[in-house]
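Residue numbers (the UniProt record's numbering): 1 to 317.
Backbone N, C-alpha and C define an ideal beta-carbon position, used for all residues, glycine too.
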């Protein structure tokens with residue numbers, strides 16, 4: 001005999017065998033409820049209806065996945081990360097470490113995968129610093145950070161288990177930024193990117209205007225598009241972005257409440273990691289489509305030519 005196909009053909013001829021399929025792994029699904037969530041965004045993405053105060057999620061919780069936070073760095077010692085936040089690289093010349101001197105990246109990481117504030121509570125968070133203490137960075141630094149994430153994912157055999165968060169952007173289209181994201185997606189890295197905070201069509205910003213990215217708009221507690229959120233056909237899904245509470249940098253237990261599409265985006269980054277752990281590997285494009293498929297439809301007001309889709313984890317109520 002020659003190979004698996006010959007073996008399958010032989011076995012198929014045995015009368016007592018009705019069919020053949022792969023010997024896949026089966027496991028229990030255990031749902032966890034986090035009561036009295038510290039940030040309403042968690043409750044909102046695990047319930048079809050607004051107003052809940054708990055977060056319901058599968059206990060896989062992003063375990064075995066890797067979330068690249070391309071931002072201002074992460075306060076990796078923060079208690080909400082439980083040792084799961086690790087250094088990647090810095091592309092800010094004046095700040096050679098990945099320690100967060102601004103707070104934005106720590107907040108984003110907390111929403112992505114914090115123990116209390118996060119969507120994917122068991123994902124590994126990797127700090128890639130491309131923005132400085134003032135929240136600014138160079139185009140070259142951002143592109144270098146994206147390239148680092150791709151190379152790190154590939155050299156460490158993390159393809160199919162990795163997501164990237166880009167809660168950043170320029171208010172004008174940048175072909176080079178879009179190309180870097182497009183290449184990352186083609187290499188297997190899911191990229192969740194902020195739609196932008198100008199209240200304009202997302203096509204005016206980068207990397208929000210890159211079609212291969214999963215572009216995220218912001219909603220508020222009342223399920224309205226946030227007034228600042230960019231919109232339009234390039235927005236794949238909305239997530240809570242107004243008055244989101246997450247980890248901050250003042251101390252290892254510090255928190256802060258802030259708003260922006262930057263805060264909406266990590267809900268979907270975390271959801272991407274969550275779904276990879278729960279449902280198995282998908283291409284970045286298929287993962288974004290899965291997020292859209294699961295989303296709560298027509299729950300939002302004021303979406304202005306955007307698809308009326310609100311992120312939902314599929315395991316809630």
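Mind checking residue 43: buried by the 16 CB within 10 Å criterion, or exposed?
Counting the other Cβ atoms within 10 Å of the Cβ of residue 43 gives 16 or more, which makes it buried.
Does DSSP put residue 24 in a helix, a strand or coil?
Residue placement at residue 24 is poorly supported in this model, since its pLDDT is 45, which falls under 50; the coordinates still yield a value, given next. If DSSP states are grouped into helix, strand and coil, residue 24 belongs with coil.
Got a sec, what are the start and stop residues for the beta strand (DSSP E) residue 197 sits in?
Element bounds for residue 197: n/a, residue is neither H nor E.
Whole-angstrom distance between residue 280 and residue 24, CA atom to CA atom
Because the pLDDT of residue 24 is 45, which lies under 50, any placement of that residue in the model is unreliable, and the number read from its coordinates should be weighed accordingly. Each residue's alpha carbon lies about 12 Å from the other.
Would you mind sorting residue 227 into buried or exposed? The rule is 16 or more other CB atoms within 10 Å of its CB.
With fewer than 16 other Cβ atoms within 10 Å, it is exposed.
Can you tell me the Cα-Cα spacing of residue 327 and residue 276, whole angstroms?
Here the chain comprises residues numbered 1 to 317, so residue 327 is not present and cannot be evaluated.
What's the C-alpha gap between residue 50 and residue 222?
Computed Cα separation, rounded: 8 Å.
Would you tell me roughly how many angstroms separate the C-alpha atoms of residue 252 and residue 34, rounded to the nearest one?
21 Å
Measuring alpha carbon to alpha carbon, tell me which residue in 81, 235, 82 and 204 is nearest residue 268.
235
For residue 68 and residue 245, believed in contact at Cβ under 8 Å, the rounded distance:
Not really, about 23 Å apart at Cβ, beyond 8 Å.
Residue range of the unbroken beta strand (DSSP E) whose run includes residue 220
Bounds of any beta strand (DSSP E) do not take in residue 220, whose DSSP letter is neither H nor E.
CB residue 247 to CB residue 230, shorter than 9 Å?
no
Extent of the continuous alpha helix (DSSP H) to which residue 40 belongs:
Unbroken alpha helix (DSSP H) run through residue 40: 40-44.
Between residue 161 and chain B, is any beta-carbon pair separated by less than 9 Å?
No chain B is present in this structure, which holds just one protein chain.
Pair within 9 Å by beta-carbon distance, residue 319 and residue 241:
The first residue shown for the chain is 1 and the last is 317, placing residue 319 beyond what the model contains.
Below 9 Å between beta carbons: does that hold for residue 86 and residue 112?
Using a Cβ distance threshold of 9 Å, residue 86 and residue 112 do not count as a contacting pair.
With DSSP as the reference, label residue 7 as helix, strand or coil.
Low confidence applies to residue 7: its pLDDT is 40, below 50, so where it sits in the model is not reliable, and the reading given next is rough at best. Of the three classes helix, strand and coil, the one that applies to residue 7 here is helix, per DSSP.
Pairwise C-alpha distance: residue 293 and residue 26
Its pLDDT being 44, under 50, residue 26 is placed unreliably by the model, and the measurement read from it follows with that caveat. Answer to the nearest angstrom: the Cα atoms are 24 Å apart.
Can you tell me whether residue 177 is buried or exposed? The criterion is at least 16 other CB atoms within 10 Å of its CB, across all chains shown.
buried
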